[in-house]
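S.K.: In the working numbering, the protein residues as written are 2 to 217. Each residue gets a CB set at the ideal place from its N, CA and C atoms; glycine is no exception.
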């Protein structure tokens, strides 16, 4: 059996394709930028040392395991929720809509695709970036300041930074907004219960008396 065709098929194909393109874009574009400020940051840049950097979601998943050991588990978790899930969900949906299979196989893939949709954490990163922005700057400035570190007194005088000796700021990059748009696309066509999910369910379970449930 094949998923029904026509205008509805093209509509949901377009929605899922957009979901996939947005997910890929969110993975490869910088979601936030780390900026080292204060007198120490200026002093380092004067000497050609720049710790400012931008990070994408895929980079964060990779960097999570750089220390090795138990961090590999953290990296695997990040990779699963930030890369595998967001890409596998639309790919399996497109497969269901366009690759001819037996009805039994389609239903199995439909169930697998539904479970895959759980492994998605773009919305977590959308919350994490503002929280990092609120916490990092004041926290680093609190621990490294003219009152706690003696050489800071001289540096803040030289570079005229007031009482800001060292500060790490996290600011959203343009990829943050791409991620937000990607999440909206996921809500429309990817999340379990979305418009596209309901369309696929109707196509694979044509009985109008059988609503989506945990067994399908």
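For the pair the stretch 142-155 and the stretch 163-170, tell me if three or more CB-CB distances fall below 8 Å.
M.R.: Contact between the stretch 142-155 and the stretch 163-170 is present, because at least three Cβ pairs lie under 8 Å.
S.K.: I'd like the span of the alpha helix (DSSP H) that includes residue 199, first residue to last.
M.R.: Segment 196-205, the alpha helix (DSSP H) holding residue 199.
S.K.: Could you tell me the distance, in whole angstroms, from the CA atom of residue 186 to the CA atom of residue 28?
M.R.: Cα to Cα, residue 186 sits roughly 14 Å from residue 28.
S.K.: Does the stretch 96-114 come close enough to the stretch 71-85 that 3 or more CB-CB pairs lie under 8 Å?
M.R.: Result no; under three Cβ-Cβ pairs closer than 8 Å.
S.K.: Classify residue 106 as buried or exposed, calling it buried when 16 or more other Cβ atoms lie within 10 Å of its own Cβ.
M.R.: Residue 106 comes out exposed.
S.K.: Whole angstroms are fine: how far does the CA of residue 15 sit from the CA of residue 158?
M.R.: Whole-angstrom Cα-Cα distance: 59 Å.
S.K.: Could you say which of 181, 153, 155 lies nearest to residue 129 if we only look at CA atoms?
M.R.: That would be 181, whose Cα lies nearest to the Cα of residue 129.
S.K.: Residue 154 by DSSP, collapsed to three states: which one?
M.R.: Note: residue 154 maps to helix in three-state DSSP.
S.K.: Which value, in whole angstroms, describes the spacing of the CA atoms of residue 3 and residue 13?
M.R.: Below a pLDDT of 50, predicted positions are generally treated as unreliable, and residue 3, at 46, falls in that range; the measurement from the model is reported next regardless. Computed Cα separation, rounded: 15 Å.
S.K.: Report the residue from 82, 48, 45 whose alpha carbon sits nearest the alpha carbon of residue 62.
M.R.: Taking only the C-alpha atoms, the option nearest residue 62 is 82.
S.K.: For residue 52, count the other beta carbons within 10 Å of its own beta carbon; 16 or more makes it buried, fewer makes it exposed. Which is it?
M.R.: Residue 52 should be labelled exposed.
S.K.: Is residue 174 near residue 24, with beta carbons less than 8 Å apart?
M.R.: The answer is no: Cβ separation not under 8 Å.
S.K.: Could you pull the DSSP bridge partners for residue 33 from this structure?
M.R.: According to DSSP, which records beta bridges pairwise, residue 33 is partnered with 56, 173.
S.K.: Who are the near neighbours of residue 91 in its chain, counting only those whose CB is closer than 8 Å to its CB and skipping five residues on each side?
M.R.: Cβ neighbours of residue 91 beyond the five flanking positions: 17, 18, 20, 21, 24, 190, 191.
S.K.: Leaving out the 5 sequence neighbours to the left and right, which residues in its chain are closer than 8 Å to residue 9 when beta-carbon positions are compared?
M.R.: Taken in chain order, the residues that qualify are 200.
S.K.: Determine the contact status of residue 31 and residue 55, defining contact as a CB-CB distance below 8 Å.
M.R.: In contact: residue 31 and residue 55 (Cβ atoms closer than 8 Å).
S.K.: Measure the C-alpha to C-alpha separation of residue 123 and residue 197 and round it to an integer number of angstroms.
M.R.: Rounded to the nearest angstrom, the two C-alpha atoms are 19 Å apart.
S.K.: Going by the beta-carbon positions, is the gap between residue 40 and residue 160 smaller than 8 Å?
M.R.: Yes. Within cutoff.
S.K.: Going by C-alpha distance, which of 38, 101, 172, 162 is nearest residue 126?
M.R.: For the residues 38, 101, 172, 162, the minimum Cα distance to residue 126 belongs to 172.
S.K.: Could you check what DSSP says for residue 69 in three-state terms: helix, strand or coil?
M.R.: Residue 69: coil per DSSP, three-state reduction.
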